[in-house]
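Heads up, the sequence shown is in our numbering, so the first residue is 344 and it goes up one at a time.
Every residue, glycine too, gets a C-beta built ideally from N, C-alpha and C.
Input: a single structure, listed below in structure tokens.
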Amino acid sequence: MVDTARARRLAKRIVSIVATQIQHAVKDPRLDMVTITAATVTPDLREATVYYTVYGEDDVVAAAGAGLASATGVLRSAVGHETGIKFTPTLEFKLDAVPANAHRIDELLAAARDADAKVAQQAAGASYAGDADPYKAPRPLEDESDDDPADESAVHPVDGRAGSPGERVP
């Protein structure tokens, strides 16, 4: 039976253990700017994917990936020791794409704001191509005399009842 709640709890615990081990136990200078952001564990608790971010240029990111690959055994041993589960999951490290995606979204929003500002600037001095109000206004009602008692279409002004030919509408 699959227990996803247990997998989520183990993933949180793995994030905590790996981050602490990188900070205190692993003495690799390539891992100085690494931040562990998240982890996912398969439902059978056999494999864990650990997501990380690195502050720096592309060469620093590549070096951090190599440093994590070399420290995988030490980190897996620490996870097994700290969690005490029967089978320690294998660890796979992946670069987290969320910061890059967030940066790309910020760039797109800035471009949209610039385009909106240009449109607003062009619209500031513009005038309508046709009438200011393109919709037709309804014709004003003509004043017709409804005083004729023989008029079959006479309607009571309050309740809207139609009168009969011999009845006078008040």
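Cβ neighbours of residue i in the same chain (closer than 8 angstroms, five flanking residues each side left out)
i	result
residue 382	354, 355, 357, 358, 361, 391, 392, 393, 394
residue 379	358, 361, 362, 365, 393, 394, 395
Range of the contiguous alpha helix (DSSP H) that encloses residue i
i	result
residue 327	In the structure as shown, the chain starts at 344 and stops at 513, and residue 327 therefore has no counterpart that could be examined.
residue 459	441 to 467
residue 419	415 to 426
Where the beta strand (DSSP E) containing residue i begins and where it ends
i	result
residue 479	Looking at the DSSP string, residue 479 is not in any beta strand (DSSP E), and its letter there is neither H nor E.
residue 380	377 to 384
Bridge partners - residue i, DSSP secondary structure assignment
i	result
residue 434	391
residue 396	378
CB contact flag (residue i, residue j, <7 angstroms)
i	j	result
residue 384	residue 350	yes
residue 373	residue 427	no
residue 369	residue 407	no
residue 544	residue 451	Missing from the structure shown is residue 544; the chain here goes from 344 to 513 and no further.
Counted within 10 angstroms of its Cβ, other Cβ atoms place residue i as buried (16 or more) or exposed
i	result
residue 462	exposed
residue 441	exposed
residue 481	exposed
residue 431	buried
residue 388	buried
residue 453	exposed
residue 421	buried
Nonlocal neighbours in the same chain, by C-beta distance under 7 angstroms from residue i, ignoring five residues either side
i	result
residue 403	376, 397
residue 437	392, 394
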